[in-house]
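A short worksheet on the structure shown next.
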Amino acid sequence: MRASITALAWFSLVTLAGCERPSHPGGAVPRAGHVFIVTEENHDYASVIGSSSMPYLNTLAQQYGVATQYYANTHPSIGNYFMLATGQIITNDDSYATIVTADNVVRRLLAAGHTWKSYAEDLPSVGYTGPDVGGYARKHNVFALLSDVANDSVQRRNLVPFTQFATDLANDALPDYANIVPNLCNDAHDCSLATADTWLQNNIAPLLASAWIVVSSKATVQYQSTALYQHQSTLRLTLEALGMAQFPGAAAAAPAMAEFFTP
230 MRASITALAW FSLVTLAGCE RPSHPGGAVP RAGHVFIVTE ENHDYASVIG
280 SSSMPYLNTL AQQYGVATQY YANTHPSIGN YFMLATGQII TNDDSYATIV
330 TADNVVRRLL AAGHTWKSYA EDLPSVGYTG PDVGGYARKH NVFALLSDVA
380 NDSVQRRNLV PFTQFATDLA NDALPDYANI VPNLCNDAHD CSLATADTWL
430 QNNIAPLLAS AWIVVSSKAT VQYQSTALYQ HQSTLRLTLE ALGMAQFPGA
480 AAAAPAMAEF FTP
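Residue numbers (this note's numbering): 230 to 492.
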């Protein structure tokens, strides 16, 4: 799988939003009050960027930026989601159910005093860490397998159904870090690109249009990068944007994505 837009689609969409503050010393990624990451999948760059089936995503790609040489780390899905959360592949077994104790994004967020939630479409209940149900796939929501979440009753409550997202947006109650997990149809795993694009327009456009949210003005518009990136760079970017200078796993040595932002 290849592709990313910055504003970023793996087709992951990463949005940096909120009040901007100076980045940490030596950093070129602007500080953001909120980071949102949405992951779609199972289609390559050529089938997504420029596709008439995804007019909304392509509008964002044209308005913000595209990493034209962005590649997944492994196959099948689960190892890529673990890389985005831990900086490690951990496993390539989509049925993996073992609690992961490796350093991870939640551990780093909590240590730095940040709030987080994982909004998963079709999650049957708040705090659910069990196996797949209907359109919900745990392999796409690996936060449920992180020890910092699964073994902590307070943190488990940050695993919420996606229906909570609209409520939090309306009430200006969004966390600093939001992981957004569409169901197996709306993430393009089982359904068409057009279906995924409609879902993005219906659910992400209101976020970008909200009075509470301002997309980072530091994002370089209409930018195309030819640098090689993988998921560890996205993990690094999301934490850098929240002011952190230490990163889990491969994110520690990953190429920074500062080129997507103006000084």
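Backbone N, C-alpha and C define an ideal beta-carbon position, used for all residues, glycine too.
On a predicted model such as this, the values are computed, not experimentally measured, just so you know.
Through-space distance from residue j to residue i, alpha-carbon basis
i      : j      : result
PHE265 : TYR406 : 6 Å
SER462 : LEU242 : 14 Å
LEU471 : ALA261 : 6 Å
GLY359 : ALA373 : 8 Å
PRO491 : VAL362 : Before going further, note that residue 491 is Thr rather than Pro in the sequence given. Whole-angstrom Cα-Cα distance: 43 Å.
LEU375 : VAL410 : 16 Å
GLN393 : GLN475 : 30 Å
HIS289 : ALA440 : Looking at the sequence itself, residue 289 is Leu, so the reference to His does not match. Answer to the nearest angstrom: the Cα atoms are 19 Å apart.
VAL277 : ALA483 : 25 Å
THR315 : THR268 : 16 Å
ALA344 : VAL329 : Looking at the sequence shown, residue 344 is not Ala but Thr. THR344 and VAL329: Cα-Cα distance of roughly 20 Å.
SER421 : SER280 : 12 Å
TYR325 : LYS368 : 8 Å
GLU488 : TYR293 : 12 Å
ALA246 : GLN384 : 23 Å
GLY308 : ASN415 : 20 Å
ALA236 : LEU413 : Bear in mind that the predicted position of ALA236 carries a pLDDT of just 37, short of 50, making it too unreliable to give a figure here.
ARG386 : THR427 : 29 Å
Residue from the options whose Cα sits closest to the Cα of residue i
i      : options                           : result
ALA341 : PRO484, ALA483, MET473 and ALA257 : MET473
THR244 : SER347, VAL335, LEU313 and LEU437 : LEU437
TYR452 : ASN415, GLU270, GLN291 and ASN380 : GLN291
VAL378 : TRP428, ARG336 and TYR310         : ARG336
VAL295 : ALA399, THR455 and ARG386         : THR455
SER382 : ASP401, GLY356 and ALA366         : GLY356
LEU457 : ILE433, THR297, ALA366 and MET312 : THR297
ALA481 : ASP332, LEU429 and ASP419         : ASP332
ALA257 : ILE433, LYS447, ALA479 and LEU286 : LYS447
In DSSP terms, what residue i is bridged to
i      : result
LEU346 : The sequence shown places Lys at residue 346, rather than the Leu named in the question. Looking at the DSSP assignment, LYS346 forms a beta bridge with ALA407.
LEU464 : Answer by DSSP bridge pairing: none, since LEU464 is not bridged.
GLN453 : VAL295
PHE490 : ALA448
The ligand GTP heavy atom lying under 8 Å from the CB of residue i
i      : result
GLY472 : Within the structure as shown, the ligand GTP is missing, as the structure has no ligands at all.
Legend entry - Validate contact between the region 319-332 and the region 457-473 using beta carbons, cut 8 Å, 3 pairs: Counting Cβ pairs under 8 Å, fewer than three are found: no touch.
Inset, instruction - Specify whether the region 342-352 and the region 301-309 touch according to this definition: at least 3 beta carbon pairs, one from each stretch, less than 8 Å apart. - result: The region 342-352, when compared against the region 301-309, does not touch it at the 8 Å Cβ threshold.
Inset, instruction - Any chance you could list the alpha helix (DSSP H) runs of at least 4 consecutive residues sitting entirely within the region 350-400, in chain order? - result: 376-379, 382-385 and 392-399
Inset, instruction - Note down, one range per segment and in chain order, each beta strand (DSSP E) of at least 3 residues found wholly within the region 252-340. - result: 263-268 and 294-299
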